Amino acid sequence: MNNQKQQKPTLTGQRFKTRKRDEKERFDPTQFQESIVQGLNQTGTDLEAVAKFLDASGGKLDYRRYAETLFDILVAGGMLAPGGTLSDDLTRTEFCVFTASEDLETMQAYAQVFNKLIRRYKYLEKGFEEEIKKLLLFLKGFTESERNKLAMLTGILLGNGTLSASIVISLYNENLVKEGVSAAFAVKLFKAWINEKDIGSVASSLRKVGMDNRLMELFPANKRSCEHFSKYFTDAGLKELSDFARNQQSIGARKELQKELQEQMSRGEPFKDIILYVKEEMKKTNISEQTMIGIVWTSVMSAVEWNKKEELVTEQAMKHLKQYSPLLKAFSSQGLSELTLMVKIQDYCYDNIHFMKTFQKIVVLLYKADVLSEEAILKWYTDAHVAKGKSVFLEQMKKFVEWLKNAEEESDESDTEEGD
556 MNNQKQQKPT LTGQRFKTRK RDEKERFDPT QFQESIVQGL NQTGTDLEAV
606 AKFLDASGGK LDYRRYAETL FDILVAGGML APGGTLSDDL TRTEFCVFTA
656 SEDLETMQAY AQVFNKLIRR YKYLEKGFEE EIKKLLLFLK GFTESERNKL
706 AMLTGILLGN GTLSASIVIS LYNENLVKEG VSAAFAVKLF KAWINEKDIG
756 SVASSLRKVG MDNRLMELFP ANKRSCEHFS KYFTDAGLKE LSDFARNQQS
806 IGARKELQKE LQEQMSRGEP FKDIILYVKE EMKKTNISEQ TMIGIVWTSV
856 MSAVEWNKKE ELVTEQAMKH LKQYSPLLKA FSSQGLSELT LMVKIQDYCY
906 DNIHFMKTFQ KIVVLLYKAD VLSEEAILKW YTDAHVAKGK SVFLEQMKKF
956 VEWLKNAEEE SDESDTEEGD
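So for the sequence shown, this note's numbering puts the first residue at 556; every next one is plus one.
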């Protein structure tokens with residue numbers, strides 16, 4: 556019995572030792588920090604030497620575990636406390652992004668350091684992205700100069716593909732937006748980004764991560780308008796970004812309008828109410844009649860499930876379009892709107908193969924309903940048509956166009972006789 560009691564402390568002691576060994580493996584970046592700081596102090600402002608040092612150190616130091624510490628030091632010179640201030644730890648370096656010269660060339664050189672590091676140690680990619688998101692949330696804790704350098708660096712890294720455009724989401728933080736920090740930072744960021752690429756590439760990157768329609772969120776709700784955004788960024792020398800945002804706003808407004816129009820049609824709202832609503836929205840969102848007729852046509856043709864049999868779809872289309880011709884007529888009062896509609900009909904009949912033989916019948920129906928004028932039809936036939944199905948549709952329209960021309964000549968002769 557006594558022997559059994561004496562064995563217990565031995566077993567407990569073994570477990571205790573295991574726990575102590577585990578404790579040593581806990582997160583403790585002190586030694587890692589000292590090694591990185593020492594290396595940066597030795598390499599100084601020679602960024603080629605910095606890149607080589609970081610490349611070599613990855614084989615000895617645990618980059619995977621201490622990625623945040625590594626990036627904190629490279630950007631700010633030491634470990635950052637919550638909010639963006641340097642921690643009380645005195646292990647710091649004066650050789651980092653925040654202490655470098657505030658110019659694009661220097662930031663491009665630093666971007667190369669990060670590029671080389673992440674290409675060499677691919678597993679750092681995600682950690683670096685998280686670091687940048689964190690740094691953006693800490694912007695208020697940095698000086699204006701530090702923010703400017705970080706903005707330029709971030710823009711360059713977005714341009715060369717090291718960072719995903721999804722990091723921009725951190726700039727929508729309510730406090731940063733409210734104090735104007737986000738918008739000011741975005742100016743420097745987008746200038747550097749567009750300098751690396753062009754607005755088309757920037758737009759594509761934003762679109763991929765669903766940020767293309769959220770740029771207005773860089774401003775507080777009471778300033779979140781296309782006019783304010785446009786003025787702010789145009790005055791800052793970023794007219795191309797203003798134009799892009801205006802275009803995105805317009806696309807968003809058109810999508811919303813089309814959605815509402817389709818819902819009103821499905822509810823069977825009276826045409827006069829639908830027309831009134833659409834015209835008011837056109838004024839609000841500055842949508843032209845040319846653009847609107849395309850939206851109305853798409854909505855009308857989406858309002859029914861079409862028969863897949865060619866011989867039946869023509870009859871169905873005639874009945875449907877006759878019903879909705881007053882709606883089409885309301886938004887085709889200009890010659891350009893009529894031509895836009897003609898091209899939309901051409902595109903639709905070409906893209907939907909079972910409508911190929913229906914094109915001429917649709918045009919004649921809309922001519923009789925006073926939606927399309929003979930001038931618009933003749934103009935389309937002569938030189939305003941597009942390439943899609945051109946030979947087929949021109950052939951379909953040949954006899955009707957000849958009839959229109961003859962009718963026009965007879966009308967001219969009649970007018971001359973009356974004049975005599």
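Positions of the beta carbon are idealized from the N, C-alpha and C atoms, including for glycine. Here the structure is a predicted model, which means the values were calculated and not measured.
Practice prompt. Please list, in chain order, all residues of the same chain as residue 758 whose beta carbon is under 8 Å from its beta carbon, the five residues on each side excluded.
Written response: The answer, listed in chain order, is 767, 799.
Worksheet item: Which value, in whole angstroms, describes the spacing of the CA atoms of residue 853 and residue 945?
Response: Between the alpha carbons of residue 853 and residue 945 lies a gap of roughly 21 Å.
Worksheet item: For residue 690, which three-state DSSP category applies?
Response: Of the three classes helix, strand and coil, the one that applies to residue 690 here is helix, per DSSP.
Worksheet entry | Beta-carbon gap between residue 717 and residue 670 smaller than 8 Å | Note that the C-beta distance between residue 717 and residue 670 is below 8 Å.
Worksheet item: Do you know whose CA, among 602, 762, 631, lies nearest residue 588's CA?
Response: The residue with the shortest Cα to Cα distance from residue 588 is 631.
Fill in: As assigned by DSSP and simplified to three states, the class of residue 635
In the structure shown, residue 635 sits in a strand (DSSP, three-state: E or B).
Discussion item. I'd like to know whether the C-beta atoms of residue 736 and residue 695 end up nearer to each other than 8 Å.
Written reply: For residue 736 and residue 695, yes; Cβs fall inside 8 Å.
Item to complete: Out of 899, 857, 908, state which residue places its alpha-carbon closest to the alpha-carbon of residue 865.
Response: Closest by C-alpha distance to residue 865, out of 899, 857, 908, is 908.
Worksheet item: When DSSP labels each residue in this structure, what does residue 566 get in the three-state scheme?
Response: Residue placement at residue 566 is flagged as unreliable, the pLDDT there being 47, under the threshold of 50; the coordinate-derived value follows with that caveat. Collapsing the DSSP output to three states places residue 566 in a helix.
Worksheet item: Could you give the C-beta distance for residue 646 and residue 638, rounded to a whole number, given that I count them as a contact under 8 Å?
Response: That pair is no contact at about 19 Å.
Worksheet item: Between which two residues does the alpha helix (DSSP H) harbouring residue 881 extend?
Response: That run of the alpha helix (DSSP H) goes 865-885.
Worksheet item: Is it the case that the Cβ atoms of residue 776 and residue 744 are separated by a distance below 8 Å?
Response: Between residue 776 and residue 744, the C-beta gap is not smaller than 8 Å, which leaves the two residues out of contact.
Worksheet item: Helix, strand or coil: which one does DSSP assign to residue 629?
Response: Reduced to three states, the DSSP call for residue 629 is helix.
Worksheet item: How many Å lie between residue 732 and residue 740 at the Cα?
Response: Cα atoms of residue 732 and residue 740: separation of roughly 10 Å, rounded to the nearest angstrom.
Worksheet item: Looking at the structure shown, is residue 718 part of a helix, part of a strand, or coil, going by DSSP?
Response: Per DSSP, reduced to three states, the secondary structure at residue 718 is coil, with no helix or strand assignment.
Practice prompt. Measure the alpha-carbon distance for residue 881 versus residue 820 and round it to whole angstroms.
Written response: Taking the straight line from one Cα to the other gives about 13 Å.
Discussion item. I need the DSSP call for residue 927, collapsed to helix, strand or coil.
Written reply: Note: residue 927 maps to coil in three-state DSSP.
Discussion item. Just to confirm, is the Cβ distance from residue 813 to residue 850 under 8 Å?
Written reply: In contact: residue 813 and residue 850 (Cβ atoms closer than 8 Å).
Discussion item. Does the contact criterion of 3 or more C-beta pairs under 8 Å hold for the stretch 611-624 versus the stretch 585-602?
Written reply: Cβ pair count under 8 Å is three or more, so yes.
Fill in: Touch test, the stretch 795-811 against the stretch 823-834, Cβ-Cβ under 8 Å, three pairs minimum
Judged by Cβ distances under 8 Å, the stretch 795-811 makes no contact with the stretch 823-834, as fewer than three pairs qualify.
Worksheet item: Of all the alpha helix (DSSP H) runs that stay within the bounds of the stretch 744-814, which reach a length of 4 or more residues?
Response: 754-763, 781-790, all fully within the stretch 744-814.
Item to complete: Using the DSSP secondary-structure output, state which residues sit across from residue 659 in a beta bridge.
Response: BP columns for residue 659 are empty, so no partner.
Worksheet item: Straight-line CA distance for residue 786 to residue 636?
Response: If I take the Cα positions, the gap works out to 37 Å.
Worksheet item: Buried or exposed: which applies to residue 823, given that a residue is buried once 16 or more other Cβ atoms fall within 10 Å of its Cβ?
Response: The residue in question, residue 823, is exposed, as its Cβ has fewer than 16 Cβ neighbours within 10 Å.
Discussion item. As a quick exercise: from 910, 586, 715, pick the residue whose alpha carbon is nearest that of residue 752.
Written reply: Each of 910, 586, 715 was checked against the Cα of residue 752, and the nearest Cα belongs to 715.
Fill in: Rounded separation between residue 958 and residue 879 - CA only
For the pair residue 958 and residue 879, the Cα-to-Cα distance works out to about 26 Å.
Item to complete: List the residues that DSSP assigns as beta-bridge partners of residue 959.
Response: As DSSP reads the structure, residue 959 sits in no beta bridge.
Fill in: Coarse secondary structure for residue 602, derived from DSSP in three states
The answer is helix: DSSP assigns residue 602 an H, G or I state.
Fill in: Straight-line Cα distance separating residue 723 from residue 697
Our two residues, residue 697 and residue 723, have alpha carbons roughly 18 Å apart in a direct line.
Worksheet entry | Own chain, CB closer than 7 Å to residue 891, minus 5 neighbours either side, in chain order | Cβ neighbours of residue 891 beyond the five flanking positions: 845.
Practice prompt. Quick one: grab the DSSP three-state call for residue 641.
Written response: Strand at residue 641.
Discussion item. Tell me the rounded alpha-carbon separation between residue 764 and residue 952.
Written reply: Those two C-alpha atoms are separated by around 45 Å.
Worksheet item: Are residue 725 and residue 681 close, meaning C-beta to C-beta below 8 Å?
Response: No.
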